[in-house]
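Colleague: Residues in the sequence shown are numbered from 10 upward in steps of one, following this note's numbering.
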Amino acid sequence: MNLKERFALFLAVMGPGIVTAFADNDAGGVATYAAAGAKYGYCLIFILLISLVLLAIAQEISARTGAVTGRGLSDLIREHYGVKWTFFAMSVLLIANLGTTVSEFSGIATSFEIFGISKYISVPVMVALIWWLVIKKDYGKMEKIFLFLCLTFFSYVISAIIIKPPWSEVLVHSITPTFSGTPAFLLMAIGMIGTTITPWGQFYLQSSVVDKGITTQDYRYTRWDVLIGVFFTGFIAFFIIVTTAATLYANKIPIETAKDVALALKPLAGEYASLLFSFGLLGASMLAAFVLPLSTAYAVCEAFGFEHGVSKSYKEAPMFFGLYTVLIVLGGTIVLWPNLSLYNVMLTTQVVNGILLPPILIFMVLIASKKSIMGEYVNKKFFNVVSWIFTFVLIFLTILLLVSTLFPAFSENILGFLGLS
Numbered sequence: 010m011n012l013k014e015r016f017a018l019f020l021a022v023m024g025p026g027i028v029t030a031f032a033d034n035d036a037g038g039v040a041t042y043a044a045a046g047a048k049y050g051y052c053l054i055f056i057l058l059i060s061l062v063l064l065a066i067a068q069e070i071s072a073r074t075g076a077v078t079g080r081g082l083s084d085l086i087r088e089h090y091g092v093k094w095t096f097f098a099m100s101v102l103l104i105a106n107l108g109t110t111v112s113e114f115s116g117i118a119t120s121f122e123i124f125g126i127s128k129y130i131s132v133p134v135m136v137a138l139i140w141w142l143v144i145k146k147d148y149g150k151m152e153k154i155f156l157f158l159c160l161t162f163f164s165y166v167i168s169a170i171i172i173k174p175p176w177s178e179v180l181v182h183s184i185t186p187t188f189s190g191t192p193a194f195l196l197m198a199i200g201m202i203g204t205t206i207t208p209w210g211q212f213y214l215q216s217s218v219v220d221k222g223i224t225t226q227d228y229r230y231t232r233w234d235v236l237i238g239v240f241f242t243g244f245i246a247f248f249i250i251v252t253t254a255a256t257l258y259a260n261k262i263p264i265e266t267a268k269d270v271a272l273a274l275k276p277l278a279g280e281y282a283s284l285l286f287s288f289g290l291l292g293a294s295m296l297a298a299f300v301l302p303l304s305t306a307y308a309v310c311e312a313f314g315f316e317h318g319v320s321k322s323y324k325e326a327p328m329f330f331g332l333y334t335v336l337i338v339l340g341g342t343i344v345l346w347p348n349l350s351l352y353n354v355m356l357t358t359q360v361v362n363g364i365l366l367p368p369i370l371i372f373m374v375l376i377a378s379k380k381s382i383m384g385e386y387v388n389k390k391f392f393n394v395v396s397w398i399f400t401f402v403l404i405f406l407t408i409l410l411l412v413s414t415l416f417p418a419f420s421e422n423i424l425g426f427l428g429l430s
């Protein structure tokens, strides 16, 4: 096969990794990365870089499992661990995804509020529009438009170049571990991990690989698709942190609403910074608002053997379309709660993602470690060791967050004993 043919094959199989990456940089992701830079400067870049390595490992496992087995993650959990564990995994996924769906509609509401349109108008209209486009099967074309709007977040890269932050300081912080046992820091660290490595992303990526009919013969190209997606996830996230750190943190400007995040773009867009930010936020939120409820409906129906697929009619797949409808309607309704802080919703849901991530990772690693399932593509020891260490570290951080919130003095003693305070 010559170079031209290989490139054509890569273009044919690419998509799952890159779409997942752009959907990962959704409303909650932008809010979390911006808050990290505005509140802690460059200190959390190290955690971001570690998270990206772990994201690459997790998504490589998801994509490889899909290519080898030709089946989705929820289907494999049901077959190998039974209905009870499947119900538990789907409960975790539903909780995480409902929260993230609320986050996406918070982003939609915020982007329209920048234009002076109330959330009580924009959210119901967008809920109806998203539902209609999916039911009418036109969402594929819209997905390309929203991906295009997401490209506006590259404006953070340009802003960072214009600002000229102290790159030597950025580099030092990027390779220097920073840790604090305070509840605020732990919340931000868990939120960073939860928005970088999402529970839904692992289900969606594996299902996408299966839906495209990718097999082990094509898998090396899919691996590049995954790695390119991870790179862009980190690339955008890195520059959001650097830009907000160099502008908001350096000038002690707190972030209280998503509009405040737009201030970081003023060196590039001036008075139009809010408009530029709102277009990007709208694209990111709409893209994820399409992907998340659909991926959830696919995973749950696949897990319990219900008919599913947008090509089906409502009569053929009532559970699929019913669950999809409930998710977007409930997500939109929660956002309309009076006096709800939309920005805090976007941040909080990412922390919830981080807390609920370990059970999903455990199932992924257990399945990918079984030679009877994966054959010669079974997990290497390195992948297993890193995956288990990361899972237990995340569990430890969650427990530490709970303890530091309820018993601050006790947590300080624990951190002192571990040499982390």
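Note that beta-carbon positions come from the ideal geometry of N, C-alpha and C, so glycine has one too.
Note down the Cα distance separating M383 from S294, rounded to an integer number of angstroms.
Modeller: Going by the C-alpha atoms only, they are around 35 angstroms apart.
Colleague: For the candidate residues W397, E316, S100, whose alpha-carbon lies nearest to that of M373?
Modeller: Of the listed residues, the one whose Cα sits closest to M373 is W397.
Colleague: Give every residue of the same chain whose Cβ lies closer than 8 angstroms to the Cβ of S304, excluding the five residues on either side of it in the sequence, and list them in chain order.
Modeller: Here the set comprises N106, W209, F212, Y213, S216.
Colleague: Could you give the first and the last residue of the continuous alpha helix (DSSP H) run that contains P302?
Modeller: Start and end: 282–313.
Colleague: How about the stretch 330–345 and the stretch 117–129: do they share at least three Cβ pairs that are nearer than 8 angstroms?
Modeller: With the cut-off at 8 angstroms, the stretch 330–345 and the stretch 117–129 touch.
Colleague: Where F194 and A44 are concerned, what is the direct C-alpha to C-alpha distance, given to the nearest angstrom?
Modeller: Straight-line Cα distance between these residues: approximately 11 angstroms.
Colleague: What separation, rounded to the nearest whole angstrom, lies between the Cα atoms of V338 and V136?
Modeller: About 7 angstroms.
Colleague: Name the residue from K93, I223, I123, T253 whose alpha carbon lies nearest to the alpha carbon of S164.
Modeller: For S164, the nearest C-alpha among the options comes from T253.
Colleague: What separation, rounded to the nearest whole angstrom, lies between the Cα atoms of F19 and A72?
Modeller: Confidence is the limiting factor: at F19 the pLDDT is only 46, short of 50, which leaves the residue's position unreliable, though a coordinate-based value still follows. Answer to the nearest angstrom: the Cα atoms are 15 angstroms apart.
Colleague: Where does D269 sit, in a helix, a strand or coil, going by DSSP?
Modeller: In this structure, D269 counts as helix in the three-state DSSP scheme.
Colleague: Three or more C-beta pairs closer than 8 angstroms, one from the stretch 273–280 and one from the stretch 79–99: is that the case here?
Modeller: These segments do not touch.
Colleague: Taking V181 as the reference, give the member of V132, V251, F244, L351 with the closest Cα.
Modeller: The candidate whose alpha carbon is nearest that of V181 is V251.
Colleague: In angstroms, rounded to a whole number, what distance separates the CA positions of C311 and T256?
Modeller: Per the sequence shown, residue 311 should be read as Glu rather than Cys. Rounded to the nearest angstrom, the two C-alpha atoms are 46 angstroms apart.
Colleague: If you reduce the DSSP assignment to three classes, tell me which class L349 lands in.
Modeller: L349: coil per DSSP, three-state reduction.
Colleague: Determine the DSSP secondary structure at R73, reduced to helix, strand or coil.
Modeller: Looking at R73 - three-state DSSP - the assignment turns out to be helix.
Colleague: Going along the chain, which unbroken runs of the alpha helix (DSSP H) with 4 or more residues stay wholly within the stretch 368–412?
Modeller: Entirely contained in the stretch 368–412, the alpha helix (DSSP H) runs reaching 4 residues are, in chain order, 380–383.
Colleague: Please return the same chain residues whose Cβ sits closer than 7 angstroms to the Cβ of L365, not counting the five positions on each side in sequence.
Modeller: These residues qualify, in order along the chain: V101, I104, A105, P208.
Colleague: In angstroms with no decimal places, state the Cα-to-Cα distance between K321 and S183.
Modeller: Looking at the two C-alpha atoms, the distance is approximately 48 angstroms.
Colleague: Which stretch, first to last residue, makes up the alpha helix (DSSP H) that contains L339?
Modeller: Where L339 is concerned, the enclosing alpha helix (DSSP H) stretches over 327–344.
Colleague: Using a Cβ-Cβ cutoff of less than 6 angstroms, which residues in the same chain neighbour E316 once the five nearest sequence positions on both sides are dropped?
Modeller: Closer than 6 angstroms at Cβ, skipping near neighbours: E325, A326.
Colleague: Which residues in the same chain have their Cβ closer than 7 angstroms to the Cβ of Y386, if we skip the five residues on either side of it in sequence?
Modeller: The residues are R73, V77, T225.
Colleague: Give the DSSP-derived three-state secondary structure of D84 in the structure shown.
Modeller: Three-state result, D84: helix.
Colleague: Counting only runs that start and end within the stretch 163–235, where is the alpha helix (DSSP H) found for 4 or more residues in a row?
Modeller: Those alpha helix (DSSP H) runs which fall completely within the stretch 163–235 and span 4+ residues are 164–172, 176–183, 192–205, 208–220.
Colleague: Please state whether the Cβ-Cβ distance between V143 and I54 is less than 8 angstroms.
Modeller: Contact: no.
Colleague: Terminal residues of the continuous alpha helix (DSSP H) containing M137?
Modeller: Position check: residue 137 holds Ala in this sequence, whereas Met was assumed. Element bounds for A137: 128–144.
Colleague: Is the Cβ-Cβ distance between V218 and T231 less than 8 angstroms?
Modeller: Going by C-beta atoms, V218 is nearer than 8 angstroms to T231.
Colleague: Measure the Cβ-Cβ separation of A40 and A282 and say whether it is below 8 angstroms.
Modeller: Not closer than 8 angstroms, so no.
Colleague: Cβ atoms of L403 and P367: under 8 angstroms apart, would you say?
Modeller: Against a cut-off of 8 angstroms, the Cβ pair of L403 and P367 comes out as a contact.
Colleague: Going straight from the alpha carbon of N353 to that of D234, what length do you get?
Modeller: Approximately 33 angstroms, taken between the alpha carbons.
Colleague: Which one of A308, G340, G341 has the shortest CA to CA distance from M328?
Modeller: Minimum Cα distance to M328 is reached at A308.
Colleague: Specify the secondary structure class of A246 as computed by DSSP and reduced to three states.
Modeller: Note: A246 maps to helix in three-state DSSP.
Colleague: Let's see if you can read the secondary structure: which residues bound the alpha helix (DSSP H) around A254?
Modeller: Neither: A254 is in no alpha helix (DSSP H) and is coded neither H nor E.
Colleague: Answer with buried or exposed for E265, where buried requires no fewer than 16 other C-beta atoms within 10 angstroms of its C-beta.
Modeller: Counting Cβ neighbours within 10 Å, E265 comes out exposed, since fewer than 16 surround it.
Colleague: Once the 5 residues before and after S131 are set aside, which same chain residues still bring their CB inside 7 angstroms of it?
Modeller: Closer than 7 angstroms at the Cβ level, and outside the excluded window around S131, lie I117, A118, F121.
Colleague: Return the first residue and the last residue of the alpha helix (DSSP H) that A47 is part of.
Modeller: Start and end: 36–49.
Colleague: Could you say which of L351, T110, I56, Y323 lies nearest to A198 if we only look at CA atoms?
Modeller: Looking at the Cα atoms, I56 is the closest of the given residues.
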